[in-house]
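One gets our numbering by counting positions in the sequence shown from 1 and adding 2 to each. Everything below concerns the one structure shown next.
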Amino acid sequence: MAEGVKHDYHLVNPSPWPLIGSVSATIMAMGGVAWMKGLFGLEQGTWWLFAAGLAGVLYTMVGWWRDVVNEANQGDHTPVVSIGLRYGMVLFIASEVMFFVAWFWIFFEMALFHEARTLSSIEEVRTAWASWPPHGVESVPAWNLPLVNTLTLLLSGTTVTWAHHALQQGDRKGAKIALGLTIALGVLFTSIQVYEYAHILEHKYFFSEEAANGGLYGSSFFMATGFHGFHVLIGTIFLAVCLIRLIGGGFTAQKHFGFEAAAWYWHFVDVVWLFLFAFIYVVFAGAGGH
């Protein structure tokens, strides 16, 4: 903290990261459009513009978070600033909750009110939506790989809590072991989901010729579970960075909000998966599979 400062607030020094991050995100978005549809005279499939934007975003993330860590080590994160950081993380998780509400909403709407589509004047649509899942769609067995992944995430929630408690008690060795186990379980979850997706696509559960009208089911399934899988990947990286910092001597029993925020995020990921498993795999899918 700068000498002579008599207040509890942190006045951030001028930073290049907001500008660099905004420009990079814009380039990445335009690059994504060019990659998928073509843009600025670039042919569809041109990926380098997206890659350049992504590299800029990743560079911004590393540089910005490095600066935040340095600020904490310099004593700029006073109790008042720490409360602000906690509020920020809570609001971020709340925004993520609403993000997933959108995917649940469309899946619930289709599952609960699919009969409304039987009023269509198109015979194929009426036939397809007379049942849930739509005719020809084969739902994923909930009690196989999805159950294994559920147990995996529940166990990881236990190990990350163990790591947090160990750090609070000053047991750095125990915290490292528990955090390493959590990361390994995160990698296991992602690996199982990749295998599950490959199996779904190989056997055409959702997009076969018989399931000609099952696109909404398949799209909503992949969006909900896929974005959750992406969040697991991000959370695993988050925890891996915390482990690196812990091994490097970072964090103390009293000050470790970086790890605490990662643990909150991981518990959020756990809870979302429980809802996904209960409703998308069991309640609204398992009972209607063909």
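Think of the CB as a built atom: it goes at the ideal place given N, C-alpha and C, for glycine as much as any other residue.
Determine the direct distance from the alpha carbon of residue j to that of residue i, and round the result to whole angstroms.
i: Y11; j: V82; result: 7 Å
i: W19; j: W66; result: 6 Å
i: G220; j: Q76; result: 50 Å
i: E262; j: I239; result: 14 Å
i: M32; j: I108; result: 27 Å
i: L183; j: E126; result: 50 Å
i: V284; j: A144; result: 6 Å
i: I282; j: H230; result: 13 Å
i: L241; j: L181; result: 7 Å
i: E45; j: R128; result: 39 Å
i: K257; j: T80; result: 10 Å
Please report the residue range of the alpha helix (DSSP H) in which residue i lies.
i: E140; result: Premise fails: E140 is in no alpha helix (DSSP H) and is neither H nor E.
i: T169; result: Reading off the sequence shown, one finds Leu at residue 169, where the question assumed Thr. Its alpha helix (DSSP H) spans residues 147-170.
i: V64; result: 50-75
i: Y267; result: 259-277
i: T28; result: 19-38
For a test of the three-state rule: what should DSSP assign to residue i, helix, strand or coil?
i: L44; result: strand
i: H233; result: helix
i: L203; result: helix
i: S122; result: coil
i: S84; result: helix
i: Q195; result: helix
i: Y283; result: helix
i: F223; result: helix
i: W131; result: coil
i: K178; result: helix
Count the other CB atoms, across all protein chains shown, that sit within 10 Å of the CB of residue i; report buried if there are 16 or more and exposed otherwise.
i: F101; result: exposed
i: L276; result: exposed
i: Y207; result: buried
i: S24; result: exposed
i: Y89; result: exposed
i: I29; result: buried
i: H116; result: buried
i: I249; result: exposed
i: M38; result: exposed
i: W134; result: buried
i: G50; result: Reading the sequence as shown, one finds Trp at residue 50 and not Gly. The residue in question, W50, is exposed, as its Cβ has fewer than 16 Cβ neighbours within 10 Å.
Write down the C-beta distance between residue i and residue j rounded to the nearest angstrom, noting that I regard them as a contact closer than 8 Å.
i: L147; j: E198; result: 5 Å
i: A57; j: T48; result: No, A57 and T48 are not in contact; Cβ-Cβ is about 16 Å, not under 8 Å.
i: S17; j: G55; result: Going by Cβ atoms, the distance from S17 to G55 rounds to 20 Å, so no, they are not a contact pair.
i: A168; j: G176; result: 4 Å
i: I85; j: F270; result: About 20 Å; that fails the 8 Å criterion.
i: A188; j: G237; result: Ala is not the amino acid found at residue 188; the sequence shown has Gly there. The Cβ separation is near 6 Å, so the contact holds.
i: C244; j: A226; result: At roughly 27 Å, the Cβ-Cβ gap does not stay under 8 Å, so C244 and A226 are not in contact.
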